[in-house]
Amino acid sequence: MSGVVLPAIASPRQRWLRRYGLASLGAAIILAWALLAIFAPWVSPFDANFVDVANRLKPPSWVHWMGTDALGRDVASRVIHGARVSLAVGFVVVAIGGLFGTLLGAIAAYARGWVEEALMRLTDLVFCFPPIILAMAIAAALGIGTVNTVIAMLVVWWPKFARLARSLVITQRSMEYVEAAQSVGFGPAHILVRQILPNAVGPLVVLLTLDVGNAILVFAGLSFLGLGVVPPTAEWGAMVAEGRELVQQWWVATFPGLAILTVVMGFNFMGDGFRDWLDPHARTR
Amino acid sequence: MPAPADRPPAAPILSVRDLRTWFLTDAGPVRAVDGVSFDVHPGETLGIVGESGSGKSVCAKSIMRLLDAPARIVGGAIHFRGRDLARLDEEAIRAVRGREIAMVFQDPMTSLNPVLRIARQLVEAMTAHGRFTPAAARTRAIDLLRRMGVAAPERAVGSYPHQYSGGMRQRVMLAMGFSNEPALLIADEPTTALDVTIQAQILDLLRGLNRDMGTAVILISHDLGVIANVCSRVLVMYAGEVVEEGAPEDLLTDPRHPYTWALLHAAPRIDAEAEDRRLVTIEGQPPDPRTWPEGCRFRARCPFAVDKCAEHPQLLPAGEGRATRCWVTQAGGALHTPARPAPLPAVPRPEAAPGPLLQVTGLQKHFVLPNDGYFGQPRVLRAVDDVDLTVSRGETVGLVGESGCGKSTLARLVTRLHQPTAGRIVFDGTDIGSATQAQIRPLRRRMQMIFQDPYASLNPRDRVGEILAGPLRLHGIVDGEAAARQRVAELLDLVGLPVQSARRFPHEFSGGQRQRISIARALSVGPDFVVADEPVSALDVNIQAQIINLMVDLQERLGLTYLFIAHDLAVVRHVCDRIVVLYLGRVMEVGRAADLFARPQHPYTRTLISAAPVPDPRIERTRRHVPMLGEPPSPLNPPSGCRFRTRCPIAEARCAAEVPPLQDIGGGQFAACHFPGKF
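Structure representation (structure tokens):
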């Protein structure tokens, strides 16, 4: 074209990096942590619960490359083992809470009437309490332990999915394709599960992904307060709590803290990537 | 030919030269506007027509420099009063926007800020350019609204946009546009979202403003009728270029570009007697703006193409005040009157059993709205109020009316997507008015629906094959997957889509193709009654003609009965045997299509017909225009007696007291008016 100067067009590689670079980094971090968690007994240099009081509070060295804690346990091994608890709790809470909340919200939106009222007022009721405080109260009432803490978290976890799912289903149910399915003769269960939910799933996936990091953070917080795992189980929040007073021995709290940071960041990057991928406006760029 | 005296004498105020606005996407440039040149003279009304994607809106936004990345003006110049708008910096262009060039957009619902009062928005538009003090601007705002035909403007300025109807908001937008006395107003599809009677009012207003204030107007529309009504010169755009230019009298009666010719013949005319229901269409889709074809861009679809068309033609003069971008007509060739596609060999239609297929009596649908305040009475919206309707086998009944008249609700009542409040719906001898969904399910095989929005009516997550096979499996029409695939292939073939479409997703198709899929889905279960709710109103005129032809073909081949809902009178007249006119949930008039248009008995029918524009300025001048008064009343609080009386030119005291019954005028025509035919 004569006299028209165009800016350089990004190569496919550049475009891919611009769009999915951070998301891939996030996925890589999560994958790395997941592998570490699965193979923890084989990759960790020491037994996570091996007490060696003679070697307590040693700074990072070639042998203990994250140092040792107040009982002489290897911090690196404990961080690796801690990934097992944290990732498992994160996934379980979000999967069960997400599924339960989504179903409740979808049913509320599709049924309308008193069913919707009842379900959504129940949701509001849970929303009335600060989630961490409520989870703490429930966990404390149930007794300390990983399973009990997970149950406590589930109680406060599902409402946000119920709200999101309800609003998504309400948007979709007024679309003409839903009327088309009705006029063809499909029943309500088919329409909700086969027609509406697949179209509502995008934002839910984004929230689910972002939320795993969030769940890990809350669980670490509860553990930090002594409500999560039963000692001596290795868990990041509990480890940070143990290192809290040891200002000189910075490594005891710092490394589990970094572990929490990287996992949460990884999930956030991945969630952002999903959101961009699902957003048609971002896709054309 | 326009007399020389009509010609604007002065130099053009706007002169666009070889404008190129491209969308610089990562996948390569989308050449939306690709070498457009035109002039606008002071006080002139220039129309730009073209189908969606032809570049007409991008062209307008380029002039205002309202382009968002990745759109960019990559070439050409926009000369306006001694400046090149394409090269002004941000600050300088802001001084032009609103002050010297104003713009009115299509959607009056979103172009006003919903949280600010009308007064504030108008005043800000005026004080922004420092020409008025706030107090003076407020007085002027009231004057302007009065000029725009807003009733009680002193009170209206204190309202919020949501308290206004679409037509009223468009008047406010026009007031805002004219508030700084711009030299040029660009109106981008200003009436497309409005009802036909309101459209006529707004176009009338626009003409008057142009005449009284001397403001030049660029009117962008897809509707040749609208353009013919207002403009003194017309540009036709196709594939990012101007393909023809001329006065509407010439261009619309003797087009010199095959695309203009095709546009003109594809649109059904409200003033034409149609013997055959098929419309003239051109094949195919507009080309991909990433890779415009070499040579003439219309060549692949052009019925007149010659070898020379492999070269790209220039826009060259073709007679006085006219120009065209076509080798054939530049060489003196003529564009013949189209041969309508031959009707299919007369298929012996299955002799329709006597008696109506659908009989609706006293049908009502009332929606109860939330209370207006805690102690308020629950408000009742009477969407459909005491409607009788008969549809005989094999006929097409049209349902027309403005938005809010209840036509879509009626469609959903007869297909029982909604539960009627009262009344009987007898479908082929079975009363389905109060049946449960489970009882109706077997009948759904015989009664199907086609929807308006081809982008919303197909589930985006399902492949086309699944969309079509689902109903087959549900009703147990086919045995096994192989038979389902076979039937899906047959259905796709029936609606003129390739068999491979089954594996693709809806978003891979254009609007017209999606509407074909929607029709295939409706036909999958083998219905004999199809309710089509505005099936062509979201489509470009050529695609609309293709879909109408398809529906007519299918009716002949399959012996279908249609209930056809539309707001476009020309389409309804073209397609339907009988027409039912609705107003605020009630039937105003029923009659055979030809009779109803030739001798409308109800004043509402009469005004509706007269408000619909005809794409021929000469006919348009001879038509008698009946101004429709005011806005439709709220269906929450309909007028007593005859519902049309508040806007009726012949209403008397009796109309407020008595509800006129639907009375037989003779010849199968019925009108709900105390004085039928008087008007």
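Residue numbers (the working numbering), protein chains in the order written: chain P, 57 to 341; chain F, 90 to 768.
Where a beta carbon is used, it is the ideal one built from N, C-alpha and C, also for glycine.
A quick note: this is a predicted structure, and the numbers were derived from the prediction, not measured.
Local Cβ density within 10 Å of residue i, reported as buried at 16 or more and exposed below that
i        : result
F/ILE190 : buried
P/TRP307 : buried
P/SER356 : No answer is possible for residue 356 of chain P: it lies beyond the span of chain P, which begins at 57 and ends at 341.
P/CYS184 : exposed
F/GLN195 : buried
P/ILE136 : buried
P/ILE194 : buried
F/GLY69  : No answer is possible for residue 69 of chain F: the residues shown for chain F start at 90 and end at 768.
Closer than 7 Å to chain P by CB, residue i
i        : result
F/MET153 : no
F/PRO347 : no
F/ASP568 : no
F/LEU135 : no
F/PRO560 : yes
F/THR504 : yes
F/ALA317 : no
Contact under 7 Å by Cβ, residue i with residue j
i        : j        : result
P/THR318 : P/ILE86  : no
P/ALA237 : P/ILE226 : no
F/ALA591 : F/GLY615 : no
P/GLU172 : P/ALA164 : yes
F/LEU452 : F/GLY495 : no
F/VAL119 : F/PRO459 : no
F/GLY165 : F/ARG109 : yes
F/PRO724 : F/GLY493 : yes
F/VAL193 : F/MET262 : yes
F/VAL620 : F/THR519 : no
P/ASN105 : P/PRO288 : yes
P/VAL296 : P/ALA315 : no
F/LEU718 : F/ARG736 : yes
F/GLY585 : F/LEU628 : no
F/VAL147 : F/SER126 : no
P/ARG140 : P/ALA126 : no
F/LEU478 : F/VAL515 : no
F/ARG345 : F/THR426 : no
P/GLY269 : P/VAL320 : yes
DSSP state of residue i mapped onto helix, strand, coil
i        : result
F/ALA272 : coil
F/GLY384 : coil
F/GLY444 : coil
F/MET538 : strand
F/ILE708 : helix
F/GLU484 : coil
F/GLY136 : strand
F/ARG593 : coil
F/PHE764 : coil
F/GLU334 : strand
F/GLY782 : Past the edges of chain F, shown from 90 to 768, lies residue 782 of chain F, and the structure says nothing about it.
F/LYS454 : strand
F/LEU324 : strand
F/ILE162 : strand
P/TRP118 : coil
F/VAL676 : strand
F/SER497 : helix
F/GLN690 : coil
CB contact check: residue i to chain F, cutoff 7 Å
i        : result
P/TYR76  : no
P/GLY258 : no
P/GLN305 : no
P/GLY241 : yes
P/GLU348 : The shown model of chain P, from 57 to 341, leaves out residue 348 of chain P, and the question about it has no answer.
P/MET231 : yes
P/ALA104 : no
P/ALA167 : no
P/ALA162 : no
Discussion item. Count Cβ pairs between the segment 285-292 of chain F and the segment 245-260 of chain F that sit closer than 8 Å; are there 3 or more?
Written reply: Enough Cβ pairs lie closer than 8 Å, so yes.
Worksheet item: Looking at C-beta atoms only, is the number of pairs between the segment 480-497 of chain F and the segment 647-656 of chain F that lie closer than 8 Å three or more?
Response: Yes, the segment 480-497 of chain F is in contact with the segment 647-656 of chain F.
Discussion item. Taking contact to mean 3 or more Cβ pairs, one atom from each stretch, closer than 8 Å, check whether the segment 748-756 of chain F and the segment 668-687 of chain F are in contact.
Written reply: The segment 748-756 of chain F is in contact with the segment 668-687 of chain F.
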